[in-house]
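The sequence shown runs 1 to 728 under the UniProt record's numbering. All C-beta atoms in this analysis are idealised placements derived from N, C-alpha and C, irrespective of residue type, glycine included. Heads up, the thing below is written out as C-alpha cells.
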Amino acid sequence: MERKEYTFGKTIGGWRSDKSQTVTFIVTEDCNLRCKYCYVTHKSSDKRMNFETAKRFVNYLLNSDDLRYSEALILEFIGGEPFLEVELIDQICDYFKITAFKLNHDWYWNYRISICTNGVNYSNPAVQNFINKNRNKISVTISLDGTKEKHDLNRVFPDGSGSYDTINKNLNLWLSQFRGTTKSTFASQDLPLLYESIISLWNKGINEVSANVVFEDVWKEGDDKILEEQLIKLADYVIENELYDKGFYCSFFDESIGFPYTEEDISRTYCGAGKMISFNPSGNIYPCLRYYGHSLNNHKEWVLGNLKDGVDMEKVRPFVLSTNRIQSDEECLNCEIATGCAFCQGFNYDEAPTPTNFYRAKYICKMHKARVRANDHYFSKLYNLCDIERSNGQALKKQIYFLLSDDYVTYCSYKNESKTDNIMEEDEIISGLKFARQNFLRPVFVHSNNSFDFKNIKEYLNYDILHIVPAKFCETAKEIGLKRILPVYDLESVKKSDSFQENIILNINSDEIEELSECLKTLFKNCNRINLNIIGLDKNFNEEVYRFQMKKISKFLIEELGNNGVLKELNLLTDTIFLDKHENCMAGENDFIVSSKEKIYTCCAEYSNNPDEFIGDLERGIFKDYSKRLYEIKNSNLCRICDAYQCKNCVYINKLYTNEVNVSPSFQCRKSHIERDISIDILEKLKILSEKIELPPIREIKKKDYLDPIYKFSDNIENLIGYYKYNR
1 MERKEYTFGK TIGGWRSDKS QTVTFIVTED CNLRCKYCYV THKSSDKRMN FETAKRFVNY
61 LLNSDDLRYS EALILEFIGG EPFLEVELID QICDYFKITA FKLNHDWYWN YRISICTNGV
121 NYSNPAVQNF INKNRNKISV TISLDGTKEK HDLNRVFPDG SGSYDTINKN LNLWLSQFRG
181 TTKSTFASQD LPLLYESIIS LWNKGINEVS ANVVFEDVWK EGDDKILEEQ LIKLADYVIE
241 NELYDKGFYC SFFDESIGFP YTEEDISRTY CGAGKMISFN PSGNIYPCLR YYGHSLNNHK
301 EWVLGNLKDG VDMEKVRPFV LSTNRIQSDE ECLNCEIATG CAFCQGFNYD EAPTPTNFYR
361 AKYICKMHKA RVRANDHYFS KLYNLCDIER SNGQALKKQI YFLLSDDYVT YCSYKNESKT
421 DNIMEEDEII SGLKFARQNF LRPVFVHSNN SFDFKNIKEY LNYDILHIVP AKFCETAKEI
481 GLKRILPVYD LESVKKSDSF QENIILNINS DEIEELSECL KTLFKNCNRI NLNIIGLDKN
541 FNEEVYRFQM KKISKFLIEE LGNNGVLKEL NLLTDTIFLD KHENCMAGEN DFIVSSKEKI
601 YTCCAEYSNN PDEFIGDLER GIFKDYSKRL YEIKNSNLCR ICDAYQCKNC VYINKLYTNE
661 VNVSPSFQCR KSHIERDISI DILEKLKILS EKIELPPIRE IKKKDYLDPI YKFSDNIENL
721 IGYYKYNR
C-alpha cells in the first residue's frame, strides 16, 4: 500500500542547501523600520558599503587561495534594510557575474542572489528593475509577521507607527514574482496571536512560513504554555481542514525535532557560523553578520580578517572546532528532546560570561519544550486520525507503562500472577497521558490478560500510544480502532497464530525451552520480528538445551536470509549485531510504571510484589530517592565490560538473586553470552550478503572463552577476595 505523506511538519528546503555556501554582504547599517525584536541594536545611517570595497570583496571571493569552494554560491545581501542600497546591490551582482565569467569560475552559473526585505520599498522602480534583471537567479523574501495586529506590535517605523498597511500593498506584486515564503518572528507579547497570524499568512498565499521565537531573555512565566496552546490549536486546524498534505509549511512543526542527541549530533553544531563568510562596509571579514559590532552589546566584534590581509585562519579554528559537545552544558547534551533546539552562535558569544564561542544561552529552553509537546500532539493525531506516520522514525528515549489492570499481560521477564482486581479509571489514564506528554515519556498501555473491555475514547487520539495486548484479543483491539498493537503470545496461543503482525512478543517458560525453535518458526510465518522473553529464569536454567534450540533457530534465520534476502529479527540473536551499546531492561532509568491510584514505580514486578514501594505519583512526579544512579547502565561494572548488548539484564532478577539492581546473577549473564556466541553465525552470513542486500551497519563480534563476564572482571583485580572462584 502506498505510504501517505504530509508537507506540514516537513523542513522547508533551501536552494541547493547541501552543496552551496553563503556569502553575506552587509551593504548598509541603516533601516527604514525600527522592529522591536531586531538583533541589529546599533543601526547607523552613515555606514554603507561603497562599490570599490564591494569589488575588492568579489575579487577576493573569486581569486583567494584562503577559501574552500563549494559547488554553488548564495550571494546574500543584508542590512539594515538591503533594498535601501538596491543600486549598489545591482552593481555588485553585475560585477560578480562578469568577473566569474572572465575567470571561467564554476560560480558563473551556479549562484543565487538572496535578499530578505521588510518590503517597505518593494514596488520602487529601481527594486523592480533589479528583480526583473535577475529574475531566474534571485530569491526575495518579505518579512510579514501575520495579522495586522501582530505585525504592527513589533515591525514599526521610526515614529512608532505600524508598517503592515504599507507592506500589504506590495504583497500581490511580490507573490506574482516569487513563491510565498516569509519569516515570522515571535516574542513574549505577541504569542497569543500566533495561531491567527500563521493562518492569516496562509490565506494570503504565503504557504511557507519560517517561524521562530527570539533567542533573547524576554520570556515570562507562562509564555511556554501560551506557545504550546497556540501551536496545538494550529495543529488541530490543519488536521480538521485536511491541510497537512496541501503544501502548507510552518517551521514550528518539524518531524526531526524532540529526540536525544546521537553521537553524530554531539559532534556537530546547530549553527552555520564559520561555515559562511560576511563582509561589512569598512572592509572587514566576519564568520557571520551576528559577530559584527552592530549586533553585539557585551563583547567586541569577532573579526576574521580584512581585505588587505585576507582571512586569519587562526581565528577560524574555533569555528571549525565548534560542536555541541563543547558549546553545550550537561543539561543540554543529556536532554531527552535536544534535537531541533535552536541557537545562534553569535548571540551565544555576546551572552557568554567571558568572550568565548563555546557557550550556549538557554533562554528558549522552555519554549523548545513547548514546541516539542505541540509536535507530539500533531504527529499523534495525524497518525491516529489520518493514518499517516511521522517519517523521522525515531522514538522518545523514555517510556511509561500504564498497567491498566492488575492482571496485566506478562510483557517482560517478570511473570505476572497478580490476583488483585484493581483497574485504572479513565480519569487516571488521562492524568497519566498528560504526565507523559509533560515529561516526554512515550505512553505504553499494558492490557489485561483475561478480558478486553477497553474503551478507546476521543482524548486518547491526542497521543501516540503503544498497546501491548494478549494475542487472543488482538483482532478485538483492531476493531475498536487501536493503531499500534504489540501482540503477546505464549505456547498456547502460538498454535492459533494466523494473522500477520510485523512485531510480536513471545513469552515462554524456562521449562518449555525444548519447544522454543518450533514455536519461533511457526510465529515467523506471520511476523518479521519476535521479542522473546524467557520466563522463570533461575540457576536451574538448562543452558545446553537453550544453546541447542538457539542454534536451530539461528540456522533457520540464516536460511531465510539466504533464500529471501530478508533478515527475520529475533531480539536475543539479531539485535546485538547492530547495536553499539546496551539496550537493557531500562527499568528505573528510562522506563517507568504507572498503576491505578496514579502511583509510579521502577518496574512492573515492583508494583505487583511491593505496591507500597512507589517512587512517585502523577501529581508530584518522582519524589523519592530510589538510588536512580544504580539503575543506569554506566554504573554496572559487569555491563561496562560486556558487549552482549542484547541482554535484558532484568533489574527484578538482579535484585531477587544478588540483592542489587545493577548486579546480574551468573545464570542471566551466561544465558546472554550463549546468545552472543550464536549470533556470530548470523553475523558471518550477513557479511557475505552485505553486498547484495541493504543492511544497517554491523559490528564485529569475536568469540570469548567465558560465558560469565565476572570472570574477566575478577581476573583484572589484583586484590580479589580470596576464597571465591567463578566459572567461565
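Taking DSSP's pairing of strands, which residues face residue 72 in a bridge? According to DSSP, which records beta bridges pairwise, residue 72 is partnered with 20.
Apart from the five residues on each side of it in sequence, which residues of its chain come closer than 8 Å, Cβ to Cβ, to residue 713? 637, 638, 641
With 16 other Cβ atoms within 10 Å as the buried cut-off, status of residue 1: Residue placement at residue 1 cannot be trusted, given a pLDDT of 49 that sits under 50; what the coordinates show is reported in the next sentence. Per the 10 Å Cβ criterion, exposed.
Counting Cβ pairs, one atom from each stretch, are 3 or more of them under 8 Å apart for the region 327–343 and the region 274–292? no
From the DSSP output, which residues share a beta bridge with residue 463? None; residue 463 has no bridge partner.
Please give me, in chain order, every unbroken run of the beta strand (DSSP E) with length at least 3 that falls completely inside the UniProt domain "Radical SAM core" (26–167). 72–78, 111–117, 138–142
Would residue 24 be called buried (16 or more neighbouring beta carbons within 10 Å of its own) or exposed? buried
Between which two residues does the alpha helix (DSSP H) carrying residue 523 extend? 516–524
Please say whether residue 350 and residue 296 have beta carbons closer to each other than 8 Å? yes
Return the Cβ separation of residue 735 and residue 273 in integer angstroms, given the expectation that the two are a contact with Cβ distance under 8 Å. In this structure the chain extends from 1 to 728, so residue 735 is not present and cannot be described.
What would DSSP say about residue 709, mapped onto helix, strand or coil? coil
Contact under 8 Å by Cβ, residue 631 with residue 651: yes
Measuring CA to CA, which of 479, 145, 412 is closest to residue 446? 412
With distances taken from CA atoms, which of 711, 369, 424 is nearest residue 260? 369
Is it right to say residue 643 is buried, meaning 16 or more other beta carbons lie within 10 angstroms of its own, or is it exposed? buried
C-alpha distance - residue 729 paired with residue 228, whole-angstrom precision: Since the first residue shown for the chain is 1 and the last is 728, residue 729 is missing from the structure and cannot be characterised.
Reduced DSSP secondary structure (H/G/I, E/B, other) of residue 253: coil
Closest to residue 655 by CA distance: which of 387, 605, 193 is it? Residue nearest to residue 655 within the set 387, 605, 193 is 605 (criterion: CA-CA distance).
For residue 268, name the three-state secondary structure that DSSP assigns. Residue state, collapsed to three classes: coil.
Just to confirm the assignment: which complete alpha helix (DSSP H) runs, minimum length 4, are found wholly within the region 449–506? 474–479, 491–494
Residues near residue 12 by beta carbon distance below 8 Å, same chain, minus five either side: 181, 208, 210, 249, 251
Give me whichever residues DSSP pairs with residue 591 in a beta bridge. In DSSP, residue 591 forms a bridge with 399, 587.
Give me the Cα-Cα distance between residue 517 and residue 405, rounded to the nearest whole angstrom. Between the alpha carbons of residue 517 and residue 405 lies a gap of roughly 32 Å.
Decide if the region 427–434 is in contact with the region 354–373; the criterion is three or more beta carbon pairs, one per stretch, under 8 Å apart. no
For the beta strand (DSSP E) that residue 731 lies in, which residues bound it at each end? Examination of residue 731 is not possible in this model, given that the chain is present from 1 through 728 alone.
Would you mind reading off the limits of the beta strand (DSSP E) that contains residue 279? 277–279
Residue 342 lies in the beta strand (DSSP E); which residues open and close that run? Note, residue 342: premise wrong, no beta strand (DSSP E); not H, not E.
Residues bridged to residue 577 (per DSSP): Note: residue 577 sits in no beta bridge, so no partner.
Among residues of its own chain, excluding the 5 on either side of residue 472, which ones have a beta-carbon nearer than 8 Å to its beta-carbon? The residues are 493, 496.
CB contact check: residue 410 to chain D, cutoff 8 Å: Annotation note: the requested chain D is absent from the structure, which comprises a single protein chain.
What does the alpha-carbon distance come out to for the pair residue 500 and residue 482? C-alpha of residue 500 to C-alpha of residue 482: approximately 16 Å in a straight line.
Is the Cβ-Cβ distance between residue 533 and residue 507 less than 8 Å? A contact, by the Cβ cut-off of 8 Å.
Entirely enclosed alpha helix (DSSP H) segments - the region 623–695, minimum 4 residues: 637–640, 651–658, 666–689
Are the CB atoms of residue 120 and residue 166 within a distance shorter than 8 Å? yes
Among 156, 96, 178, 144, which has the Cα closest to the Cα of residue 128? 178
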